[in-house]
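A short worksheet on the structure shown next.
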């Protein structure tokens with residue numbers, strides 16, 4: 361089997377001259393977390409993800425970061441020279457390349473033409489279908505789980521994620537799993553500009569499940585308890601890893617806390633699972 365048979369061939373693209381707001385609108389409209397950036401000839405020159413936007417548009421930093429998102433060029437936040445794979449390469453080739461380059465997707469090229477994109481989700485689906493019975497969750501999970509408490513500030517949560525180069529933390533209270541915060545909780549939301557006292561659009565973490573309850577708040581007021589996803593889906597270490605992959609796909613999530621006798625013993629993510637593609 362080659363990459364061409366598992367890739368997504370409908371690639372959402374934007375021109376390199378457009379603004380961050382356009383990328384945001386594409387993500388919301390198509391329910392995706394990344395957009396390919398192309399030049400005037402339609403050649404890929406970059407890729408931008410939800411995580412790129414949120415990390416690079418934090419309020420602290422250069423003045424351009426505080427501009428409205430319809431005034432910020434996509435080139436400011438995109439990752440240049442996206443990693444590519446050939447349409448005839450194998451899923452194992454793609455998994456190894458993703459892990460080595462620490463990326464969540466690869467552009468699939470047919471010669472010099474963009475043929476599609478393959479993501480961790482695509483490889484997760486391949487693992488579910490082709491790797492049943494090969495690994496248990498305990499074989500692939502990460503034991504060193506980064507945690508925060510519900511009362512930790514948003515700034516602390518982001519700091520933990522950036523310091524450890526991870527895209528999720530588990531929220532615990534006295535050892536019990538209370539929630540999870542991931543890069544997929546990222547959203548454009550409204551909060552009050554403390555200088556002008558009016559709602560402005562910025563980027564911060566917010567639970568999608570609480571969208572209708574969203575209030576205008578300053579970033580400084582937010583805690584892990586405000587932004588976490590509750591009702592966390594968990595898995596036991598003895599479960600077949602392909603079943604864990606199926607749980608992620610069915611629920612549209614990227615990681616599962618691993619619990620044994622109600623104790624948090626690890627976490628298994630898309631990245632962990634694709635490491636089992638051999």
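Numbering (our numbering), first residue to last: 361 to 638. Just so it is clear, CB atoms sit at the ideal spot from N, CA and C, and this is done for glycine as well.
Tell me the DSSP bridge mates of residue i?
i: residue 394; result: 409
i: residue 496; result: 600
i: residue 326; result: Since the first residue shown for the chain is 361 and the last is 638, residue 326 is missing from the structure and cannot be characterised.
i: residue 401; result: Answer is none; residue 401 lacks a bridge partner.
i: residue 473; result: 470
i: residue 366; result: BP columns for residue 366 are empty, so no partner.
i: residue 375; result: 398
i: residue 533; result: 536
For residue i, count neighbouring Cβ atoms within 10 angstroms of its own Cβ and tell me buried if that reaches 16, exposed if not.
i: residue 612; result: exposed
i: residue 394; result: buried
i: residue 608; result: buried
i: residue 554; result: At residue 554, the pLDDT of 42 sits below 50, so the modelled position is not reliable; the number obtained from the coordinates is stated separately. Label assigned to residue 554: exposed.
i: residue 374; result: buried
i: residue 461; result: exposed
i: residue 632; result: buried
i: residue 449; result: buried
i: residue 638; result: exposed
i: residue 388; result: exposed
i: residue 367; result: buried
i: residue 416; result: buried
For residue i and chain B, any beta-carbon pair shorter than 8 Å?
i: residue 462; result: Among the protein chains of the structure shown there is no chain B, as only one such chain exists.
Assuming residue i contacts residue j (C-beta within less than 8 Å), just tell me the rounded distance between them.
i: residue 445; j: residue 468; result: 6 Å
i: residue 542; j: residue 527; result: 6 Å
i: residue 478; j: residue 465; result: 7 Å
Three CB pairs or more closer than 8 Å across the stretch 584-604 and the stretch 490-500: yes
Any beta strand (DSSP E) of 3 or more consecutive residues that is wholly inside the stretch 599-631: 615-620 and 623-629
Contiguous beta strand (DSSP E) assignments of at least 3 residues, all confined to the stretch 440-468: 444-446
Three CB pairs or more closer than 8 Å across the stretch 529-536 and the stretch 503-513: yes
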